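Here this note's numbering is used: position 16 in the sequence shown is 17, and no number is missing along the way.
In this text, a Cβ means the ideal position worked out from N, Cα and C, and glycines have one as well.
All values reported here derive from a predicted model rather than from experimental measurement.
A quick write-up on the structure given underneath.
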Amino acid sequence: NKNMSTLKGKIVHIGQIETVGTNGFTKRTLAIETAEQYPQTIGIEFVKDKATMLDMLSEGDEVEVSVNIRGREYNGKYYINLDGWKVTTI
């Protein structure tokens with residue numbers, strides 16, 4: 002899958018599970034800080050059944066996260082989401 006990538010970093014935030022919209026769609030945000038010369042803080046969304054994957058993790062854990070890169074257009078603006086589907090501690 003060309004739109005798949007992995008990111009490595011230290012967990013700086015694990016959000017609560019949120020319910021969005023009228024369909025009961027759930028999502029949860031994981032934020033990691035990369036370990037490079039200029040560290041980046043990157044937010045990754047875990048949706049539906051993937052949201053509970055974060056239950057076993059803690060802030061400060063070093064992880065590798067597999068993501069799909071998603072994009073969409075809304076009212077002439079363009080958005081990118083990182084959709085997490087696997088996370089492992091390293």
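Is residue i helix, strand or coil by DSSP?
i, result
"L58", "coil"
"A36", "coil"
"T53", "helix"
"G77", "coil"
"N69", "strand"
"T23", "coil"
Could you give the distance in angstroms between the alpha-carbon of residue i and the alpha-carbon of residue j?
i, j, result
"Q41", "S59", "19 Å"
"T23", "G61", "34 Å"
Based on Cα-Cα distance, which residue from the options lies nearest to residue i?
i, options, result
"L31", "N69, G16, V21 and D84", "G16"
"V68", "E34, T20 and G44", "G44"
"N1", "G72, T89 and I91", "Absent from the model: residue 1. The displayed extent of the chain is 2 to 91, so no value can be given."
When we look at the beta-carbon of residue i and count the other beta-carbons within 10 Å, is it buried (16 or more) or exposed?
i, result
"I18", "exposed"
"A52", "buried"
"G77", "exposed"
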